[in-house]
Amino acid sequence: MISRIATFGHSTTMLAASLKVQAKLADQQAQTASGLKSTSYGGLGSNTGSLLRRSSQSSALTAENAAAQTATAYVNAAYSALGDIADLATTIKTQLASMISSTTIDSATTAQYATNWLNDLQALLNSTSGGTYLFSGTAGDTAAADFGDADWDASAGADADYYQGASSTRSFTTTDGQTIDLSVSGGSAAFEKLARALSMIIASPDDSSVVSAAYDLAGEALTGVGSLQEQVSIQASTLDRLIERNEAKIESIDTLASNLKDADLAQTAVLATQYETQLEAMYSMISTLSSLSLSKYL
Numbered sequence: 004m005i006s007r008i009a010t011f012g013h014s015t016t017m018l019a020a021s022l023k024v025q026a027k028l029a030d031q032q033a034q035t036a037s038g039l040k041s042t043s044y045g046g047l048g049s050n051t052g053s054l055l056r057r058s059s060q061s062s063a064l065t066a067e068n069a070a071a072q073t074a075t076a077y078v079n080a081a082y083s084a085l086g087d088i089a090d091l092a093t094t095i096k097t098q099l100a101s102m103i104s105s106t107t108i109d110s111a112t113t114a115q116y117a118t119n120w121l122n123d124l125q126a127l128l129n130s131t132s133g134g135t136y137l138f139s140g141t142a143g144d145t146a147a148a149d150f151g152d153a154d155w156d157a158s159a160g161a162d163a164d165y166y167q168g169a170s171s172t173r174s175f176t177t178t179d180g181q182t183i184d185l186s187v188s189g190g191s192a193a194f195e196k197l198a199r200a201l202s203m204i205i206a207s208p209d210d211s212s213v214v215s216a217a218y219d220l221a222g223e224a225l226t227g228v229g230s231l232q233e234q235v236s237i238q239a240s241t242l243d244r245l246i247e248r249n250e251a252k253i254e255s256i257d258t259l260a261s262n263l264k265d266a267d268l269a270q271t272a273v274l275a276t277q278y279e280t281q282l283e284a285m286y287s288m289i290s291t292l293s294s295l296s297l298s299k300y301l
């Protein structure tokens, strides 16, 4: 009886199988080289949508943090300027106390002191950060105070017409709709009282009752500036907390995104070794089948 061994079908099947294993090996080698499951979104399959959403969320939070850090620098500058105004108010109050306790008041010297202090106050109220006025509200390109404004009349009582800024407060709005005020208005009562006290002295430097009244106003102003500092401190803390929360979210989102796109290098190494072993066995089998000759079995 004559038997026939047909090797062609087996060789074709083995060759097709080896090509599949070779493709899998190439994929594992590519993952090892790039550190990614795929160098294109298409290669991620159903994970593509999730990765794109997470990348978008991370980018949005990163952008918000950059804006929040700029806002924090602005608020910190305002807090520093308020500290300087508080120091000025303390100096004014101390000097006025000395004048009140003195038996005589040198009107010329007193008027000059008050004028200098008023100029210092105006300069501090017109402090800037990054080219933006700190105490002008949304009118960041306009100086906050002008004590030479003709509409300002300190002798008429409380009057903040020296204020040149906007009535609306500068603010920072988060992606989830939270609004955080930035700085305070240059027209705040504390500033107005300090300016009014100095204007009173300039107008009547030799009147001890005026100096005494100005001393009281300076004390109220100092207390008010302290309250403004507390407000700005809260603003800075709120921004800091926002940045910290965002950083935690970004880290979490980036970790999830990494799990979706980054290759498991330990696993790829194991699989690559397995596929190489399979290929070697397949190539050996194909070689054996190819060497078979039908005439040997006739």
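Quick note: the sequence shown, position 171, residue 174 per my numbering, numbers continuous.
C-beta: ideal position from N, C-alpha, C; glycine also.
Other residues of its chain near Tyr116: CB distance less than 7 Å, five sequence neighbours each side excluded: Gln98
query: Expressed to the nearest angstrom, what Euclidean distance is found between the alpha-carbon atoms of Gly134 and Ser104?
result: 43 Å
field: Cβ neighbours of Ile253 in the same chain (closer than 7 Å, five flanking residues each side left out)
entry: Ser61, Leu64, Thr65
message: Determine whether the beta carbon atoms of Asn68 and Glu250 lie at a separation below 8 Å.
response: yes
- prompt: Can you name the start and end residues of the beta strand (DSSP E) that Asp184 belongs to?
  reply: 182–184
message: I'd like to know whether the C-beta atoms of Ala71 and Phe175 end up nearer to each other than 8 Å.
response: yes
message: How far does the beta strand (DSSP E) with Thr118 in it extend, from its first residue to its last?
response: Careful: Thr118 lies outside any beta strand (DSSP E), inside the alpha helix (DSSP H) at 110–128.
task: Below 8 Å on the Cβ atoms is my guess for Leu124 versus Ala198; work out the distance and round it to an integer in Å.
output: 6 Å
query: What's the C-alpha gap between Leu128 and Ala147?
result: 6 Å
task: Write down every uninterrupted run of the beta strand (DSSP E) in the region 199–240 whose length is 3 residues or greater and which is fully enclosed by it, in chain order.
output: none
task: On a CA-only basis, which of Gln181, Ala193, Gly227 is nearest Gln238? Give me that one, please.
output: Gln181
- prompt: Relative to the C-alpha of Thr131, which residue among Asp184, Ala81, Tyr165 is closest?
  reply: Ala81
- prompt: How close, in whole Å, do the beta carbons of Gln234 and Gly86 come, if the pair is a contact with beta carbons under 8 Å?
  reply: Contact flag wrong, Cβ pair sits at about 13 Å.
Per-residue DSSP class, three states only, for Ser43: Reliability of the predicted coordinates at Ser43 is poor, the pLDDT of 46 falling under 50, and the value obtained from them is presented with this limitation in mind. Ser43 falls in the coil class under three-state DSSP.
- request: Check whether the Cβ atoms of Ala224 and Gly190 sit closer than 8 Å, and answer yes or no.
  value: no
field: Beta-carbon proximity list for Ser171, same chain, < 7 Å, skipping 5 on both sides
entry: Gly140, Thr141
query: Taking 8 Å as the CB-CB cut-off, is Ile205 touching chain D?
result: Absent from the structure is chain D; it holds one protein chain and no more.
message: With a threshold of 6 Å on Cβ separation, who are the neighbours of Ala1 within its own chain once the five nearest residues in sequence on each side are excluded?
response: For the chain, the structure presents residues 4 to 301; residue 1 sits outside this window and is missing.
task: Quick one: using the 10 Å Cβ neighbour count with 16 as the cut-off for buried, is Arg240 buried or exposed?
output: It is Ser, not Arg, that sits at residue 240 in the sequence shown. Exposed, since its Cβ has fewer than 16 Cβ neighbours within 10 Å.
Cα-Cα separation, Tyr77 to Leu185: 8 Å
field: Three-state secondary structure assigned by DSSP to Ser174
entry: strand
Assigned secondary structure, Tyr82 (DSSP; H/G/I helix, E/B strand, else coil): helix
- prompt: Taking just the CA atoms, how far does Ala161 sit from Ala305?
  reply: It is not possible to answer for residue 305, since the shown part of the chain is limited to 4 through 301.
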